[in-house]
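For reference, the structure is listed below as structure tokens.
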Amino acid sequence: MFYENSQIVGCHYCLDKKISDLSFYYSYRKAFRTAFRAINSLKNYKGITFLRTFAPSHFENGLWNEGGNCVRKRPFRGNETHLDSRDLELYTTQLEEFKFAEREGVKKGLKFRLLDTTQATLMRPDGHPSQYGHRAEENVTMYNDCVHWCLPGPIDTWNDFLLEMLKIEQKELSQGSL
Numbered sequence: 002m003f004y005e006n007s008q009i010v011g012c013h014y015c016l017d018k019k020i021s022d023l024s025f026y027y028s029y030r031k032a033f034r035t036a037f038r039a040i041n042s043l044k045n046y047k048g049i050t051f052l053r054t055f056a057p058s059h060f061e062n063g064l065w066n067e068g069g070n071c072v073r074k075r076p077f078r079g080n081e082t083h084l085d086s087r088d089l090e091l092y093t094t095q096l097e098e099f100k101f102a103e104r105e106g107v108k109k110g111l112k113f114r115l116l117d118t119t120q121a122t123l124m125r126p127d128g129h130p131s132q133y134g135h136r137a138e139e140n141v142t143m144y145n146d147c148v149h150w151c152l153p154g155p156i157d158t159w160n161d162f163l164l165e166m167l168k169i170e171q172k173e174l175s176q177g178s179l
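Going by the working numbering, the sequence shown opens with residue 2, and the numbers climb by one from there.
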């Protein structure tokens with residue numbers, strides 16, 4: 002159920018014909034809007050807000066609950082993949098809400114920085130646990146994990162990007178105080 006001003010405005014996968022069925026994207030957008038609004042309304046906040054963009058899943062041959070898997074052993078090449086429509090919608094929603102919040106925040110002297118890892122992460126289908134998310138001796142029936150990240154590479158890259166952004170901020174800060 003989704004509430005606004007203590008009123009039901011809809012739900013996702015409702016079976017009640019009297020209540021509007023709202024998409025997953027509705028709640029996703031609302032979550033970002035609410036978080037950014039809260040940041041922009043903080044009275045004494047002078048920090049920098051970083052947003053890491055959406056990390057797409059890499060299911061092939063079905064979704065997580067339909068037998069999908071992610072057994073690739075190497076990164077994609079540039080022309081081998083693209084964001085599917087669902088992932089593109091999530092990514093676009095993030096960018097739209099970030100840009101709106103940034104415009105509002107700048108008016109208050111706040112800094113927003115985008116850590117856009119989506120394309121780099123899209124290229125790394127080899128970084129997921131897949132069916133290897135448990136010990137070999139365990140008798141576990143589970144889905145293939147093609148969403149979470151565990152292998153070196155993708156997360157290290159995010160850390161490198163963030164570190165470089167922090168270095169740039171530090172350099173700008175030290176140059177501004179000279």
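Heads up, the beta-carbon is just placed ideally off N, CA and C, and yes, glycines get one too.
C-alpha distance - Thr158 paired with Cys12, whole-angstrom precision: Cα to Cα, Thr158 sits roughly 37 Å from Cys12.
Short Cβ contact (8 Å threshold) for Glu98 with Phe33: yes
Cβ-Cβ separation, Thr50 to Ile40 (assumed contact under 8 Å), whole Å: 6 Å
Whether Leu111 touches Tyr14 by CB criterion (8 Å): No, Cβ-Cβ distance for Leu111 and Tyr14 is not below 8 Å.
Cutoff 6 Å; reference Glu67; Cβ partners in own chain excluding five residues on either side: Correct list: empty, nothing qualifies.
In chain order, each alpha helix (DSSP H) run of at least 4 residues that lies wholly inside the region 74 to 128: 86 to 108, 119 to 123
With 16 other Cβ atoms within 10 Å as the buried cut-off, status of His59: buried
Residue(s) in a DSSP beta bridge with Cys12: Secondary-structure assignment with DSSP links Cys12 through a beta bridge to Asp22.
Neighbourhood of Thr24 by C-beta, 8 Å cutoff - its chain only, sequence neighbours within 5 removed: Sequence check: residue 24 is Ser here, not Thr. His13, listed in sequence order.
Residue from Leu167, Ile9, Glu90 with nearest C-alpha to Leu20: The question names Leu, yet the displayed sequence has Ile at residue 20. Among Leu167, Ile9, Glu90, the Cα nearest to that of Ile20 belongs to Ile9.
Range of the contiguous beta strand (DSSP E) that encloses Glu5: 3 to 5
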